[in-house]
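Quick note, the sequence shown lines up with residues 26 to 368 if you use the working numbering.
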Amino acid sequence: MMAGGAAEGELGAGCRDSDTASTPTSALALTPTPASTPSLSLFSEPLHPLQDLTGDGGVCKKQLRPGTGQPVPPSASVAVKFSGYLGNWNKLFCSDGNSKCPRLMKLGKDITLWGLEIGLLSMTKGEAALFVLTPQYAYGQQGCPPSIPPNTTVLFKVEVLDFIDSEECDAFFELTHEQRDKLPLEKLLKVAATEREFGNYFFYMQRFKIAKDRYKRALSILDHRSSSKAEQSQINASKLLLFLNLSLTYLKLECADRALKYGELALEMDQGNAKALFRCGQACLYMREYSKSRDFLARAQCIQPFNRDINNELKKLTRCYNEYMKMEKEMCCQMFDPLNSYG
């Protein structure tokens, strides 16, 4: 997802000169030796005029497609498609553009190429851009053999698919348990919400085991809080979302008993939650507990009579039950046929 330098997964790790290898993303005020902007083109499309992001021509940008929302923050984990080139956009040295499941990567940890970090900080969700990075902002005087020669200007085409700002989470997990307990409820809820956002991302990438772990980590954050009744109400609202997400995730993992457990936990907080009833009905159907499944789904249908998913699940339940009864009947006939043949 993110990155590339010479090795997929970590952009620039171990391939820069020592003077820039440890430079943090925030060090945008540093002024390396000025470098002239090369004249480049992409499939005969002129790149000029380029936006000079560093003021010295070291990181230049051409926007291909605008994005929406706020720029990527320095503490973000980002998902991108990228391609890195040498020369006049004609020598590909790294790419992750065809990945079906791009992974979230942390700026400054998984993406360490200084110039690319600067470029990403100028982008918004959905934006696509071209970047020209001079050696001082890329792989330095040494390069990264054998892919990148010494003192080489590199080119990147980048698309920001998504990002999650994990600043609150990063700070939270550096605290002791005593310090965490003293945090204001607002911060605690924000950390749990960010963990849930990570879980949602991995769920939509169909990485269900990771999603499950992030949802459970969010629950553990909320469980470690002793609070007043008013605060507990807000915490329960956050837990309800996590219970529903875990129920669905366990269905995807084909762990119907666990899906039922979390669906029932959601119902303990909200007996009339149609989504929780629906999840419990799905789980029971998977376990061939047809009577319980019908009860949950019928209750869900009473709340949302025109919900297509609920109605389709009830139809599926009817089909499965009829097939089950037919199979039971055939088995009984096979058992008693030998007896009948003896008169």
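Note that the Cβ used here is the ideal one computed from N, Cα and C, for glycine as well.
- For Pro-96, the secondary structure class from DSSP, reduced to helix, strand or coil, is strand.
- A buried status is given to Met-148, since no fewer than 16 other beta-carbon atoms sit within 10 Å of its beta-carbon.
- Residue pairing by DSSP places Val-216 in no beta bridge whatsoever.
- Under the 8 Å Cβ criterion, the segment 318-330 counts as touching the segment 298-305, having at least three qualifying pairs.
- Taking C-beta separations shorter than 7 Å and ignoring five residues to either side along the sequence, Lys-286 has no partners in its chain.
- For Glu-348, the secondary structure class from DSSP, reduced to helix, strand or coil, is helix.
- Between the alpha carbons of Leu-310 and Lys-237 lies a distance of about 22 Å.
- Taking 9 Å as the cut-off, the Cβ atoms of Glu-193 and Thr-219 count as close.
- Put simply, the segment 133-142 does not touch the segment 224-238. Fewer than three CB pairs are less than 8 Å apart.
- A distance below 6 Å between beta-carbons, with the five flanking residues on each side excluded, links Leu-155 to the following residues of its chain, in chain order: Lys-87, Lys-182.
- Unbroken alpha helix (DSSP H) runs of no fewer than 4 residues, entirely contained in the segment 272-345, are found at 281-294, 299-311, 315-328, following chain order.
- The C-beta of Ser-316 has fewer than 16 other C-beta atoms within 10 Å across all chains shown, which makes the residue exposed.
- With a cutoff of 9 Å on beta-carbon distance, Gly-144 and Leu-158 are scored as near each other.
- In the three-state DSSP reduction, Leu-146 falls in the coil class, being neither helix nor strand.
- The secondary-structure analysis by DSSP pairs Asp-190 across a beta bridge with Ala-101.
- Looking from the CA of Gly-288, the closest CA among Val-84, Lys-116, Gly-306 belongs to Gly-306.
- Contact annotation: Leu-75 and Ala-153 have beta-carbon atoms that are not nearer than 9 Å.
- Distances from the CA of Gly-83 to each of Ala-104, Lys-131, Val-179, Leu-186 were compared; the closest alpha carbon is that of Val-179.
- In this model, Lys-215 and Leu-244 are separated by some 12 Å (Cα to Cα).
- Under a 10 Å Cβ-count criterion, Thr-343 is classified as exposed, with fewer than 16 other Cβ atoms of the shown protein chains found around its own Cβ.
- Here the C-alpha atom of Ser-258 lies approximately 53 Å from the C-alpha atom of Tyr-110.
- Lys-125 and Leu-186 have their C-alpha atoms spaced approximately 12 Å apart.
- Secondary structure of Ser-120 (DSSP, three-state): strand.
- Within the same chain, Cβ atoms closer than 8 Å to the Cβ of Lys-341 are found at Leu-310, the five residues on either side in sequence being excluded.
- Between Phe-227 and Met-356, the alpha-carbon positions lie close to 44 Å from each other.
- Restricting attention to alpha helix (DSSP H) runs no shorter than 4 residues, the segment 150-212 encloses them at 192-197, 202-206, ordered along the chain.
- A residue is called buried when at least 16 other Cβ atoms come within 10 angstroms of its Cβ; Lys-264 meets this threshold and is buried.
- Closest option to Leu-132, judged by alpha-carbon separation, among Glu-203, Ser-100, Lys-254, Thr-274: Ser-100.
- Arg-90: member of the beta strand (DSSP E) spanning 84-90, first to last residue.
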